[in-house]
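Residue numbering for the sequence shown follows this note's numbering, starting at 319 and increasing by one per position.
Ideal Cβ placement from N, Cα and C applies to all residues, glycine included.
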Amino acid sequence: MKKLMNLMIILAIVASLFAVYMFYKSYVIFQSVQTIENVSGFNNSLTRVVLYATEYAIAKDEAIKSLYEKRLGEFNQYTQNMNVPKSMEEDAKRVIGEVRELEKLFNNDATDIHDINAKVEAILDDLHDIEVKAIETTRSSILTLLVISIVLGVIMMLSLLYAMYLTKSVLDAVYKLEKLANEMEKGKLSINVDVRGQTEVGKALIRLMEVIDGKLVPLVSSVVESTRQLDTLIDNLDKSSDVMADTVSEFRMQAEQIAAQSDDIRDAIDSALASVSEVLGGTESVANAAVELSQVAEMLNQIVEEGKRSMMALDEAMGRVVSSTGSATERIKELEKWTERINEIVKTVGDIAEQTNLLALNAAIEAARAGEAGKGFAVVAEEIRKLAEGSRQAADEIADVLKTVASNIKKATQEMEIVSKAVEVSGQAEDAMNGVLSKIAEGAIDVSEGAESMAALAEEQTAAAQNISSELDNVRQLAHSFTSSVETISSGVRSISEIAEKIKDISDKLAYLSDDLRQKVEFFKV
Numbered sequence: 319m320k321k322l323m324n325l326m327i328i329l330a331i332v333a334s335l336f337a338v339y340m341f342y343k344s345y346v347i348f349q350s351v352q353t354i355e356n357v358s359g360f361n362n363s364l365t366r367v368v369l370y371a372t373e374y375a376i377a378k379d380e381a382i383k384s385l386y387e388k389r390l391g392e393f394n395q396y397t398q399n400m401n402v403p404k405s406m407e408e409d410a411k412r413v414i415g416e417v418r419e420l421e422k423l424f425n426n427d428a429t430d431i432h433d434i435n436a437k438v439e440a441i442l443d444d445l446h447d448i449e450v451k452a453i454e455t456t457r458s459s460i461l462t463l464l465v466i467s468i469v470l471g472v473i474m475m476l477s478l479l480y481a482m483y484l485t486k487s488v489l490d491a492v493y494k495l496e497k498l499a500n501e502m503e504k505g506k507l508s509i510n511v512d513v514r515g516q517t518e519v520g521k522a523l524i525r526l527m528e529v530i531d532g533k534l535v536p537l538v539s540s541v542v543e544s545t546r547q548l549d550t551l552i553d554n555l556d557k558s559s560d561v562m563a564d565t566v567s568e569f570r571m572q573a574e575q576i577a578a579q580s581d582d583i584r585d586a587i588d589s590a591l592a593s594v595s596e597v598l599g600g601t602e603s604v605a606n607a608a609v610e611l612s613q614v615a616e617m618l619n620q621i622v623e624e625g626k627r628s629m630m631a632l633d634e635a636m637g638r639v640v641s642s643t644g645s646a647t648e649r650i651k652e653l654e655k656w657t658e659r660i661n662e663i664v665k666t667v668g669d670i671a672e673q674t675n676l677l678a679l680n681a682a683i684e685a686a687r688a689g690e691a692g693k694g695f696a697v698v699a700e701e702i703r704k705l706a707e708g709s710r711q712a713a714d715e716i717a718d719v720l721k722t723v724a725s726n727i728k729k730a731t732q733e734m735e736i737v738s739k740a741v742e743v744s745g746q747a748e749d750a751m752n753g754v755l756s757k758i759a760e761g762a763i764d765v766s767e768g769a770e771s772m773a774a775l776a777e778e779q780t781a782a783a784q785n786i787s788s789e790l791d792n793v794r795q796l797a798h799s800f801t802s803s804v805e806t807i808s809s810g811v812r813s814i815s816e817i818a819e820k821i822k823d824i825s826d827k828l829a830y831l832s833d834d835l836r837q838k839v840e841f842f843k844v
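Take a look at the structure:
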């Protein structure tokens with residue numbers, strides 16, 4: 319645009335110089351024409367004067383000569399017809415001589431007049447030649463002036479046509495830029511705009527189209543695809559959290575059943591201890607005590623079997639919890655990666671918004687330089703700048719949301735670690751419970767054998783009762799330990815349940831943020 323303005327100024331200066339030169343040549347030609355007219359008038363006047371003088375001199379010379387010859391003839395006739403004295407004849411001859419001298423003078427005057435006439439004619443010829451040359455010079459000047467006028471007219475016409483072409487190109491580029499801004503305001507990014515011309519506005523429009531097609535469109539497409547993948551990941555996380563919640567609920571129910579069974583075991587042990595005390599209190603109830611002890615041993619065996627089945631169910635539930643926890647951890651890590659990817663995309667959106675803002679600023683500067691022709695382009699550039707500012711603000715909001723998501727993901731990771739630790743503790747408690755059940759089974763076998771021995775060997779009743787009491791004491795301690803383990807498992811289950819609820823909340827928040835991000839991105843149609 320600046321080069322074009324300089325070219326227009328140079329053309330205006332050249333046109334002004336041509337106009338001054340034409341005015342000067344017109345003035346010179348006008349003066350030459352006036353001079354030619356004056357010389358021609360003077361020539362005509364001088365010619366008329368010389369002709370008049372020549373005609374007058376010739377006429378007068380002819381008249382005098384005719385009169386002289388007439389008088390000389392009359393005088394000769396008179397002298398021949400008359401006898402005049404000799405003195406008078408001499409006087410007459412003298413007079414005739416003087417007249418002849420006078421005739422010679424007249425002849426000389428006539429010759430001089432003819433010479434003067436010839437010189438005047440030569441001067442007139444010179445004046446005529448000067449007049450012809452002046453006319454030729456005037457014609458040449460007029461022809462030169464005509465050629466210059468034609469060249470100047472052609473230059474002015476070409477300048478006008480170029481200015482019209484340039485104005486049309488600028489207005490066409492501004493119209494296309496306004497169309498582009500309107501389409502972008504509607505959210506359309508895949509816009510087919512035919513941009514031609516080498517003006518600054520056209521170049522800026524071409525650069526803007528390259529930025530939109532090369533960076534903004536792929537970026538929006540990538541964000542849309544990332545949003546879809548994020549939705550899929552959120553759905554999977556939601557399903558995993560539901561499965562985890564169901565598993566934890568089932569695990570909680572089984573833990574409650576185990577706790578109830580441990581209470582039954584403890585009550586049974588207390589009953590067995592009471593029976594042993596009764597055995598120790600008197601030998602008369604040894605047989606009954608042996609029977610009751612055998613029943614207790616059978617009940618212990620049943621309880622142990624139920625405990626083993628419960629522990630197997632607990633083991634399976636813990637396996638599902640571990641699997642769900644591992645899957646949730648992997649999905650959370652994958653979610654962290656996608657969050658980082660979206661954060662990078664948001665940064666790229668911010669950078670593109672800054673570049674678009676700079677392009678809009680440059681376009682506004684070029685529009686200000688273009689003057690009236692660039693007012694519409696300035697309005698379009700301002701709209702583009704506002705759109706870039708809105709994109710940057712949206713990118714900042716998305717970045718803040720992603721920070722919140724990253725913080726919640728980090729908390730979820732920490733809580734999943736707590737769940738893993740709780741699962742490890744539950745595994746240890748399960749091992750302890752298995753040991754307790756094994757010992758209970760062994761104790762039940764011992765009790766059964768002791769009951770049989772008491773039935774056969776009454777004398778060993780006291781010793782056997784003491785052994786049974788001791789074993790039951792150990793079993794009671796193991797039952798207390800098992801109860802503590804069950805309480806620990808219940809606490810871990812509650813923690814897992816709370817973590818599952820938090821994961822559910824995080825999934826809901828991510829779904830909301832994903833919907834919001836998708837709505838903002840779907841505004842742009844690629």
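Here A682 is near E700, since their CB atoms are less than 9 Å apart. In this structure, N675 lies away from E634, with their beta-carbon atoms at least 9 Å apart. Of the residues assessed, I670 falls on the buried side of the cut-off, its CB having 16 or more other CB atoms within 10 angstroms. For S725, the closest C-alpha among the options K827, E690 and V465 is that of K827.
The C-alpha of D823 lies about 17 Å from the C-alpha of T550. In summary, E684 is buried, with 16 or more beta-carbon neighbours lying within 10 Å of its beta-carbon over all protein chains present. CA-to-CA, the gap between L479 and E672 works out to about 39 Å. Sorting R659, V472 and E616 by C-alpha distance to the C-alpha of E543 places R659 at the top. In terms of CA proximity to E648, K728 leads the group D718, E816 and K728. By alpha-carbon distance to K721, the top candidate from E690, A688 and K665 is K665. Closest option to E715, judged by alpha-carbon separation, among G689, N661 and I473: N661. Closest in C-alpha terms to Q547, from the list K655, M630 and Q711, comes K655. Rounded to whole angstroms, the gap between the alpha carbons of L476 and V697 is 31 Å.
Our two residues, E616 and M630, have alpha carbons roughly 21 Å apart in a direct line. Put simply, the backbone Cα of V469 is about 26 Å away from that of K451. Our two residues, V472 and G668, have alpha carbons roughly 53 Å apart in a direct line. Separation of Q620 and R627 (C-alpha to C-alpha, rounded to the nearest whole angstrom) is 11 Å.
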